[in-house]
Amino acid sequence: MARQTKENTGLSPLEAERLRPCLEAFLASTDSRARIAFDPLEFPHRYENPRDIEVSALLAAALAYGRADLFRPKVDGLLKRMGPSPAAFVRELDVAGARELLDGFVYRFNVGTDVAVLLLGMGRTLRELGSLEALFVRGLEARGSWHGALDAFTSALRDVPMEPLRKALGPERGLHHLLPSPLGAGAAKRLNLFLRWMVRGPDGVDLGIWKRVRPSALLIPLDTHIGRISKHLGLTRRNDLSWRTAEEVTASLRALDAEDPVRFDFALCHYGMSGVCPTKPVPENCARCKLLPACAVGRKTVKARGGTEGRARATR
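Mapping of the sequence shown onto the numbering used here: position 103 corresponds to residue 89, and the numbering continues sequentially without gaps.
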């Protein structure tokens, strides 16, 4: 009989109480507003109208992969050409307009046809339902789960006539990467990032323009930085970047804050992005880190460095 591995369903109450002071101190010490300039979140922060915010946010989140210095100019260029109101632009967008905007567009896995599907899907949604929020809520009510709601959301956005687009811009290339449908077992990091922006706040970081979805329902936008740091802190035992791992990390964070489990995401992610907490631990950084009391890797790194220095002094 095969041995079954016990799943970690989140931190115990005792573990949560031990971790909470470290995470709260870490969050309080983070200058989150200063980090927005290094985050795709900077784009929706440019707008005040809720519809412009959600349209620019989904475009930015969808293309926010790879190096920031490469995707940010792509997003910035598209938004500038879309004019002062991205929502008004996509409402009026047709195939001819998509060709004018996106002919020759390439960013890594994606070409103009992929982005045209996203923009046309958003435009149809605004015309028919009034907001992207209404589309997501419709899927959430119909499917009854976060995964199901996101699957319905991307499926609806992709429901545009493809042949006219292919004729105008050529075949799609990375549409599934941009708008995965069916959603699959991956963590859907960029989609959950978009949802965090829309649902949490407003708090100076996240925009909080959606009022029909509760922050307690959010799933952590799991990437390599969050995955690594979460394992260091005991938020998960899993090694992959799957939906199940995102659920496990979120369950642990929910033990810390049931109403707003992903409020630590921005600070933790940027801690990894900044290079202060790299894949290979830096002893000096670990020694100064406010997460050190809760970080198994950090404590081990600092202890090993202390032992090495002690042995070196003893031989001198």
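Using N, Cα and C, we set each Cβ at its ideal position, and we do this for glycine too. A quick note: this is a predicted structure, and the numbers were derived from the prediction, not measured.
List the endpoints of the continuous alpha helix (DSSP H) containing residue 255. Looking at the DSSP string, the run of the alpha helix (DSSP H) that includes residue 255 is 251 to 259.
State the DSSP-derived secondary structure class of residue 41, mapped to helix, strand or coil. In the displayed model, residue 41 falls within a helix according to three-state DSSP.
Is the region 170 to 182 touching the region 205 to 222, taking contact as three or more C-beta pairs under 8 angstroms? Judged by Cβ distances under 8 angstroms, the region 170 to 182 makes contact with the region 205 to 222, as three or more pairs qualify.
Determine, using beta-carbon pairs with one atom in the region 150 to 169 and one in the region 193 to 202, whether at least three such pairs fall under 8 angstroms. Touching, no, given that fewer than three Cβ pairs across the two stretches are closer than 8 angstroms.
Near residue 235, which residues of its chain fall below 6 angstroms by C-beta distance, leaving aside the five closest residues on each side in sequence? Excluding positions up to five away in sequence, the list reads 206, 216, 221 and 222.
In this structure, what does DSSP give as the bridge partners for residue 97? 92, per the DSSP bridge assignment.
Note down the Cα distance separating residue 296 from residue 46, rounded to an integer number of angstroms. Confidence at residue 296 is low in this model, with a pLDDT of 38, below 50, so its placement is unreliable and the value that follows should be read with caution. The straight-line gap separating the alpha-carbon atoms of residue 296 and residue 46 is approximately 50 angstroms.
Could you round the C-beta distance between residue 2 and residue 242 to whole angstroms and report it? I think they count as a contact, below 8 angstroms. About 5 angstroms separates the Cβ atoms of residue 2 and residue 242, confirming a contact at the 8 angstroms cut-off.
Hey, how far is the Cα of residue 285 from the Cα of residue -1? For residue 285 and residue -1, the distance between alpha carbons rounds to 22 angstroms.
Can the beta-carbon of residue 159 be found less than 7 angstroms from the beta-carbon of residue 97? Cβ atoms of residue 159 and residue 97: closer than 7 angstroms.
Strand pairing of residue 172, partner residues [DSSP]: According to the DSSP secondary-structure assignment, residue 172 is paired through a beta bridge with 228.
Measuring straight from C-alpha to C-alpha, what distance separates residue 31 and residue 94? Each residue's alpha carbon lies about 25 angstroms from the other.
For residue 244, collect the residues of the same chain with a Cβ closer than 8 angstroms to its Cβ; drop the 5 residues on either side in sequence, then sort them by chain order. The residues are 202.
What are the uninterrupted segments assigned as alpha helix (DSSP H) that are 4 or more residues long and contained completely in the region 113 to 198, given in chain order? For secondary structure counted as the alpha helix (DSSP H) over 4 or more consecutive residues, the region 113 to 198 holds these complete runs in sequence order: 118 to 129, 132 to 143, 148 to 155, 161 to 164 and 175 to 185.
Identity of the residue in 43, 99 and 279 nearest residue 162 by Cα: Nearest C-alpha to residue 162: 99.
Looking at the structure shown, is residue 206 part of a helix, part of a strand, or coil, going by DSSP? DSSP, reduced to helix, strand and coil, places residue 206 outside both helices and strands of the structure shown, so it counts as coil.
Around the Cβ of residue 266, are there at least 16 other Cβ atoms within 10 angstroms (buried) or fewer (exposed)? Exposed, since its Cβ has fewer than 16 Cβ neighbours within 10 Å.
Check this for me: beta carbons of residue 64 and residue 250, under 7 angstroms apart or not? No. Outside cutoff.
Grab me the residues of residue 271's own chain with a C-beta within less than 6 angstroms of its C-beta, minus the 5 sequence neighbours each way, in chain order. Taken in chain order, the residues that qualify are 262.
If you reduce the DSSP assignment to three classes, tell me which class residue 7 lands in. The three-state secondary structure of residue 7, taken from DSSP, is helix.
What do you reckon, are the CB atoms on residue 57 and residue 50 nearer than 7 angstroms? For residue 57 and residue 50, yes; Cβs fall inside 7 angstroms.
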